[in-house]
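Numbering (my numbering), first residue to last: 4 to 326.
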């Protein structure tokens, strides 16, 4: 049995709330402020109020800007102890929106063509939860982000922002009254070491024989120095490129496509899935200069941009999950 580190429940209740508030229908929140939001490239006010407080708190704790409790804090998410602490925080947040998280421990050998295969085997732990469809369905959408960091970085941009996006979308999707597909939300381990966690989860999905509609992974979605709200899609299928383009068009932003393979989406595309990576302008010159550095801290995150990308991804998932 995996040793669990006890996190003080009272503090987490103070930070995140002990119960989810009753979900107000998302469409109702969007209606009044939708036109202004589209013209200003911003998130509707009701949605912003749902997203930002918890996204800020999550990133604050994952990066050590806030303590987990009086005795524990995270400076990075690299060691097994640090990653266990991070999973406990993520687990608690998912519980607060009514989701039961499960650990996916793995031991895998990366394929020979992966430059990190020389360090085989890899052992780690993914964390996932399922938001069930509201009607019988055997289809699944996967939304994921890695939670680990490199050795000397607190990993705010890379990739606490991706974790916060996944959490935010999960909270919004769980409030939908009509879900015709299931949504698997997953926090991958060991992206920084050969994408071992996502590689293992691909195998897990195959073993479970999940009928996967699409896979969306987020990595570094918290930097927008020029304020244009543009994003990049990494290795998108033509179908997902068109869906993201459709939902980005009303905001007047540019959605670039790139052939970047340096994150978790790569493992899904190579396995033949309808998948995409979502990121800031990594290849187009507007990305965090603090990547993999000790300076990748809470203070460097553009939380308005994070909320915007979260909302855009939500609109895409909402579209696909209600078809």
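We put the CB at the ideal spot given by N, CA and C, even for glycine.
Problem set entry | Spatial distance of residue 267 from residue 295 (CA atoms) | The residue given as residue 267 occupies position 264 in the chain shown. The residue given as residue 295 occupies position 292 in the chain shown. The straight-line gap from Cα to Cα measures roughly 17 Å.
For this session: Could you tell me which residues DSSP puts in a beta bridge with residue 122?
Result: Your numbering for residue 122 matches position 119 in the chain shown. For residue 122, which the question treats as bridged, DSSP gives no partner whatsoever.
For this session: Note down, in chain order, each residue of its chain lying with its Cβ closer than 6 Å to the Cβ of residue 308, except the 5 sequence neighbours on either side.
Result: Position 305 of the chain shown, counted from the first residue, corresponds to residue 308. So the qualifying residues of the chain are 227.
For this session: Find out if the Cβ-Cβ distance for the pair residue 184, residue 245 is shorter than 8 Å.
Result: Your numbering for residue 184 matches position 181 in the chain shown. Your numbering for residue 245 matches position 242 in the chain shown. Contact flag unset, no.
Exercise. What separation, rounded to the nearest whole angstrom, lies between the Cα atoms of residue 166 and residue 98?
Worked result: As a first step, residue 166 must be located in the chain shown, where it is residue number 163. As a first step, residue 98 must be located in the chain shown, where it is residue number 95. Roughly 15 Å separates the two Cα atoms.
Problem set entry | Between the CA atoms of residue 80 and residue 65 - distance to the nearest angstrom | Numbered from 1 along the chain shown, position 62 holds the residue referred to as residue 65. Numbered from 1 along the chain shown, position 77 holds the residue referred to as residue 80. Residue 65 and residue 80: Cα-Cα distance of roughly 8 Å.
Exercise. So, residue 94 versus residue 130, is the Cβ gap smaller than 8 Å?
Worked result: For the purposes of this step, residue 94 is taken as residue 91 along the chain shown, with counting starting at 1. For the purposes of this step, residue 130 is taken as residue 127 along the chain shown, with counting starting at 1. Yes, these two residues count as a Cβ contact at 8 Å.
Problem set entry | Neighbourhood of residue 156 by C-beta distance below 7 Å, restricted to the same chain and skipping five residues each side | Against the chain shown, residue 156 aligns to sequence position 153. Once the five neighbours on either side are set aside, the close Cβ partners of residue 156 are 79, 295, 296, 297 and 299.
Exercise. Leaving out the 5 sequence neighbours to the left and right, which residues in its chain are closer than 8 Å to residue 194 when beta-carbon positions are compared?
Worked result: The count along the chain shown starts at 1 and reaches residue 194 at position 191. Answer for residue 194: 149, 151, 162, 200, 201, 222, 266 and 267, listed in chain order.
Problem set entry | As assigned by DSSP and simplified to three states, the class of residue 199 | Position 196 of the chain shown holds residue 199. Looking at residue 199 - three-state DSSP - the assignment turns out to be helix.
For this session: Could you pull the start and end residues of the alpha helix (DSSP H) that residue 256 belongs to?
Result: To locate residue 256, count along the chain shown from 1; it is residue 253. Note, residue 256: premise wrong, no alpha helix (DSSP H); not H, not E.
Problem set entry | Contact set for residue 205: own chain, Cβ-Cβ below 7 Å, skip 5 residues either direction | Within the chain shown, residue 205 is the residue found at index 202, counting from 1. The answer, listed in chain order, is 270, 271 and 274.
Exercise. How many angstroms separate the CA atom of residue 82 from the CA atom of residue 154?
Worked result: Locating residue 82 in the chain shown gives position 79, where the first residue counts as 1. Locating residue 154 in the chain shown gives position 151, where the first residue counts as 1. Cα-Cα distance, rounded: 8 Å.
For this session: Just confirm the distance between the C-beta atoms of residue 280 and residue 315, as a whole number of angstroms; I'd bet it's less than 8 Å.
Result: For the purposes of this step, residue 280 is taken as the residue at position 277 of the chain shown. For the purposes of this step, residue 315 is taken as the residue at position 312 of the chain shown. In fact, because the Cβ distance is near 14 Å, the residues do not count as touching under 8 Å.
For this session: Work out the CA separation of residue 146 and residue 276 for me, nearest whole Å.
Result: As a working note, residue 276 is residue 273 in the chain shown. As a working note, residue 146 is residue 143 in the chain shown. Using only the alpha carbons, I get a separation of about 13 Å.
Exercise. How many angstroms separate the CA atom of residue 251 from the CA atom of residue 219?
Worked result: Counted from its first residue, the chain shown places residue 251 at position 248. Counted from its first residue, the chain shown places residue 219 at position 216. Cα to Cα, the separation comes out at about 16 Å.
Exercise. Is residue 307 helix, strand or coil when you go by DSSP?
Worked result: Along the chain shown, one-based indexing puts residue 307 at 304. Residue 307: helix per DSSP, three-state reduction.
Problem set entry | Spatially closest choice to residue 86 from 54, 126 and 119, by CA coordinates | Sequence index remark: in the chain shown, residue 86 carries index 83 (1-based). It is 126 whose Cα lies nearest to the Cα of residue 86.
For this session: Could you have a look at residue 230 and say whether DSSP puts it in helix, strand or coil?
Result: The residue given as residue 230 occupies position 227 in the chain shown. Correct three-state label for residue 230: coil.
For this session: Would you kindly work out how many angstroms separate the C-alpha atoms of residue 142 and residue 216, rounded to a whole number?
Result: Stepping through the chain shown from its first residue, residue 142 is reached at position 139. Stepping through the chain shown from its first residue, residue 216 is reached at position 213. Going from the Cα of residue 142 to the Cα of residue 216 covers about 6 Å.
Exercise. So, are the CB atoms of residue 235 and residue 282 less than 8 Å apart?
Worked result: Mapped onto the chain shown, residue 235 falls at position 232. Mapped onto the chain shown, residue 282 falls at position 279. Residue 235 is a Cβ neighbour of residue 282, given a cutoff of 8 Å.
Exercise. Of all the alpha helix (DSSP H) runs that stay within the bounds of the region 113-180, which reach a length of 4 or more residues?
Worked result: 164-177
For this session: Along the beta strand (DSSP E) that carries residue 75, what are the first and last residues, could you check?
Result: Residue 75 sits at position 72 when you count from the first residue of the chain shown. Per DSSP, residue 75 belongs to no beta strand (DSSP E) and is neither H nor E.
Exercise. Residue range of the beta strand (DSSP E) that residue 107 falls in?
Worked result: Position 104 of the chain shown, counted from the start, is the residue given in the question as residue 107. Segment 105-111, the beta strand (DSSP E) holding residue 107.
Exercise. What is the C-beta distance between residue 170 and residue 57, in whole angstroms, given that I count them as a contact (C-beta under 8 Å)?
Worked result: Working through the chain shown from its first residue, we reach residue 170 at position 167. Working through the chain shown from its first residue, we reach residue 57 at position 54. Going by Cβ atoms, the distance from residue 170 to residue 57 rounds to 7 Å, so yes, they are a contact pair.
Exercise. Whose C-beta lies closer than 7 Å to the C-beta of residue 230 among residues of the same chain, with five residues either side of it excluded?
Worked result: As a working note, residue 230 is residue 227 in the chain shown. Closer than 7 Å at Cβ, skipping near neighbours: no residue.
Problem set entry | Element boundaries [alpha helix (DSSP H), containing residue 63] | As a first step, residue 63 must be located in the chain shown, where it is residue number 60. Segment 48-65, the alpha helix (DSSP H) holding residue 63.
For this session: Just the C-alpha distance for residue 258 and residue 73, rounded to the nearest angstrom, thanks.
Result: On the chain shown, residue 258 is found 255 positions in, with the first residue counted as 1. On the chain shown, residue 73 is found 70 positions in, with the first residue counted as 1. Approximately 43 Å, taken between the alpha carbons.
For this session: May I ask which residues mark the beginning and end of the beta strand (DSSP E) holding residue 92?
Result: Numbered from its first residue, the chain shown carries residue 92 at position 89. Per DSSP, residue 92 belongs to no beta strand (DSSP E); it is in the alpha helix (DSSP H), 83-99.
Problem set entry | Status (buried if at least 16 other CB within 10 Å, exposed otherwise) for residue 180 | Along the chain shown, read from residue 1 onward, the residue named residue 180 stands at position 177. Exposed: under 16 other Cβ atoms inside 10 Å.
For this session: Output yes or no for whether 8 Å exceeds the beta carbon distance between residue 132 and residue 188.
Result: Along the chain shown, read from residue 1 onward, the residue named residue 132 stands at position 129. Along the chain shown, read from residue 1 onward, the residue named residue 188 stands at position 185. With respect to residue 188, residue 132 sits close: the two C-beta atoms are nearer than 8 Å.
For this session: Would you tell me roughly how many angstroms separate the C-alpha atoms of residue 160 and residue 45, rounded to the nearest one?
Result: Within the chain shown, residue 160 is the residue found at index 157, counting from 1. Within the chain shown, residue 45 is the residue found at index 42, counting from 1. Whole-angstrom Cα-Cα distance: 20 Å.
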